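I have placed the structure first, in the form of structure tokens, so that the comments after it can refer back to it.
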Amino acid sequence: MENFQTNPMSYGVKYNEEEKTVEFRLFSKNATKVLLCIFDKPQGEEAIMTLNMEKGENNIWQTKVKDYILNCTKKPFFYGYRVFGPNWDYDENFVAGTDIGFKSKFDEKGNRFDPNKIAYDPYSTEISHLPSDVNPGFNMFRSGSNFHITDNAKWAPKSVFFKAPKFRVSKISPRPFMDEIIGEVHIKDLTQNANIVENGTYKGAGKFAKNIKNLGITMVEFLPLNEFDAKQNGYNYWGYMPLGYFSLARRYAYDKSYGNLINEFRMMIDEFHKNGIKVCMDMVYNHTGEAGLVNHNTNDAILLSYALIDNASYYKVFKNGYYRSNSGCGNDFNVSVDGVMDLVVDSLAYWANQGVDAFRFDLAAALLECGAGCEEIYNSFESLAHNLKTKLKEKGINVVDNFAQAQEGIVLIAEPWTCGGRDCYQLGNFPDFWAEWNDISRDTIRKITLKPTEVTPRQMREIFEGTPSRFKGINKSVNYIASHDGFTLFDLNNFTRKSQSTSGGSDWEICGDYRGNQYRQENAIKKQLAFLMLSYGIPMLQIGDIIMHTKNGNNNSYNKDDATNYLNWAKGIKPNTFENRIMEYTRNLIKFRNENPIFKSNDFVKNLTYHYDNGQIAQNDNDGYWNNCFDLFFGILINAEDKRIYIALSKSEGKMLITLPENKENKFWYSCVDTSIYDNIEFSAKNYIESKYTLNPEAMAIFIER
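One rule links them: number in the numbering used here = place in the sequence shown (from 1) + 141.
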């Protein structure tokens, strides 16, 4: 199978142009026999062909088929695997739908082989259908009771292969990651309410690229796009239960026919790239949407792919049959095993080759683990997180490692924690070539307006300088106020607690309603946005937050495929409304950031001085000021090459008369924006300020010297 080496993926299916054959490769360390089953249709029929796989080096099972038999250049074919192992011996007399060779449903080494179940390929670039499409109760995919002898070949999801011509995606000229404004959004939410035929789809998102560009967003971060089954475990709309890391969710395709998904996706990326917008995919490598136990019964597991192929390799499992679940989602993917590492690396390379520019890793602390067992062992140079850059380079994919330089390659962004387990919070512990979501900046920016007496000038300075104590002074902080997890920006400033309609959701949200005072709410939102956008690091917004989308207090809307999540663009574009005012303010704020390169410079922190309300410099050794939660003023002077910018922030509930820093010779201060002034949203230096300025209650004002 040497020809397979020309394929950047380690396993899966490849069309061999020279031999006109289709080559199959599957990783399974613990399998003892693998049968490849090929189907003419995805449902309702038995396999038209069953072939033995041969085990080669590095636990690779392989075979090949002449294409004149499969004819994959003209039509898709469907395939899957029957896999035998230590808990279910291969017997040449085996007949599907029987227990011939059966020893146990699982063994102490974690094996859960069941050849009565067809396993789709972990490297499937397309999955034929979802388990719930054919069996809403998932019984035919379970191992409990007598379900383990149910042959599901006619109805199990299959891998799809079709050698279709690929659409070439436009490229974006390299630019520093520091230049990006990230907009997080669910792909259906983005356009479901848009007045286009293709609303809620990849194609619809591509048509919406110009609208996103007009907001100032330069990188769209989509919630998971990999295939998932929304009907599993109640309802899962967001897609954080992936079934395949190479396959797209068919539900988001405008044309759902087999073989079309990837090209519609590439066309979407092409439209974004033509508008200067990069695309970031949210990848969930910490767990899969398979392999959970039913009612905590170790004899009853959901078996779809990875667990059937090699449960003990793909998952972290205990001897008693339970899955470790630091993800909080029923299992933990075992990315410390070589074949599983290959899958992660190969899937990232695959998507990068489709035109994807960046990846956000859900619960990424899982990628810092280096032990194949269930004990949490972090921070080893053997971990996938530490070696990912090198492994991707071997696949021809460069990883950006200096966020201030324009480099070719992809960007890696970590959510640096998991939901449970020892040492699960790893903020600041990822290698330097990783950017990291910064929840400290999230909480501090919220507290500045919502809990001002809990925030010291030192804490505000820490966020403004990119949280150097955590990131060792390296610019890698992705700053944000709100994300899909938790309240929207509007809701965190309008609700004191989550709504009763929320399924789960945190009770510790930093939120408040300012006693219903709309002036204070709008001022707080403007202030939070300004602190976010002008702090050192890479700013991220929910796209819905730019138009003040509300979920009516629901802070965990993962299961809401309705108006709770769909963005209402009509409100945002209607003139003379609160929503439109915040949208225009945000656009102008982004423009202000872009027009002043100092905010994106590696020298940003070196050009800062901090000031008291009398205009004098706050000395670094004045702990009485820096550690005082009740000091009501925070002043930041930014010394850019072409101008000086002064930011004055008040936590006072009353008006405050401040003195601006002394001007340079023949220079004067002009007010640029004041968050407390209703229609002051343009960020233009118009009004001359002599030396003193009256800050309204809790306001932030920005001044420019010229």
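C-beta: ideal position from N, C-alpha, C; glycine also. Since we're looking at a predicted model, the values are computed, not measured.
CA-to-CA distance, residue j to residue i, given in whole angstroms
i	j	result
E143	W649	Reliability of the predicted coordinates at E143 is poor, the pLDDT of 35 falling under 50, and the value obtained from them is presented with this limitation in mind. Near 55 Å, if we compare the C-alpha coordinates of W649 and E143.
N199	V485	17 Å
H327	F413	15 Å
E839	Q760	24 Å
P572	D542	10 Å
M424	Q184	29 Å
N340	D330	9 Å
Y621	F459	37 Å
S644	N700	8 Å
W296	D703	30 Å
G614	I843	26 Å
E535	F387	19 Å
N769	K715	43 Å
M408	M422	15 Å
Proximal residues to residue i (C-beta, below 7 Å), its chain only, five neighbours per side dropped
i	result
K354	N416, G417 and I418
V829	The sequence shown places Tyr at residue 829, not Val. Closer than 7 Å at Cβ, skipping near neighbours: F809 and Y811.
I731	I322, G357 and M674
I666	L630, N634 and I723
C515	K457, F459 and R465
F243	W229
Close-in-space but distant-in-sequence residues of the same chain around residue i (CB under 6 Å, 5 per side omitted)
i	result
M190	I179
K532	V486
T750	I758 and L778
K668	T590, T816 and M841
K344	Y395 and E405
Y393	I328, T342 and Y343
M689	F631, E720 and I723
I604	S582, T585 and S676
V338	none
Nearest neighbour of residue i, chosen from the options [CA to CA]
i	options	result
L675	N729, Q659, Q683 and E663	N729
L525	F308, V541, L553 and V175	L553
T705	T429, N334 and G433	N334
V236	A448, E187, F474 and A623	E187
I684	Y677, E663, T629 and P738	T629
K196	G185, D181 and L177	L177
K808	E831, T597 and L591	E831
F740	E606, A576, V476 and T173	E606
A493	Y456, V420 and I799	V420
G469	L504, N436 and L445	L504
E249	S791, M422 and A453	A453
M150	Y455, R316, M482 and F303	M482
L192	G795, R166 and K182	R166
M601	I687, H752, C652 and D654	H752
N367	P317, V338, F303 and Y264	Y264
S825	V746, L790 and Y726	Y726
I122	P716, C770, Q548 and P593	Nothing can be reported for residue 122, as the shown portion of the chain is limited to 142 through 847.
Proximity of residue i and residue j at Cβ, strictly below 8 Å
i	j	result
Y395	T342	yes
G471	Y463	no
N616	A545	yes
F225	T266	no
F733	T439	no
I259	G221	yes
K588	E577	no
L402	L384	no
L271	P298	yes
N171	P217	no
I443	A432	yes
N467	G561	yes
D479	I551	no
K827	L798	no
D208	K155	no
F369	G430	yes
P802	G765	no
Sequence-distant residues of the same chain with beta carbon closer than 8 Å to residue i, five excluded per side
i	result
Y519	A506, L509, E510, C511, D564, Q567 and N570
S793	L773, F774, L836, P838 and E839
K639	F628, G646, S647, D648, E650, G694, N695, N696 and N697
D240	H289 and I290
P557	A505, A506, Y566, Q567, L568, G569, N570, F571, E577 and W578
E846	K784, R785, I786, Y787, N804, K805, K808, F809, W810 and Y811
D181	I189, F218 and F219
**Q.** Ordered list of beta strand (DSSP E) runs contained in the segment 774-801, each at least 3 residues
**A.** With a minimum length of 3 residues, the continuous beta strand (DSSP E) runs that stay inside the segment 774-801 are 774-780, 785-791 and 797-800.
ask   = What alpha helix (DSSP H) runs, 4 residues minimum, are completely inside the segment 676-756?
value = Whole alpha helix (DSSP H) segments, 4+ residues: 684-687, 710-714 and 719-736.
Give, in chain order, every unbroken run of the alpha helix (DSSP H) that is at least 4 residues long and sits entirely within the segment 519-596. 525-535 and 580-591
Discussion item. Give the list of continuous alpha helix (DSSP H) stretches no shorter than 4 residues that lie fully inside the segment 161-230.
Written reply: For the segment 161-230, the full-length alpha helix (DSSP H) segments reaching 4 residues or more read 208-211 along the chain.
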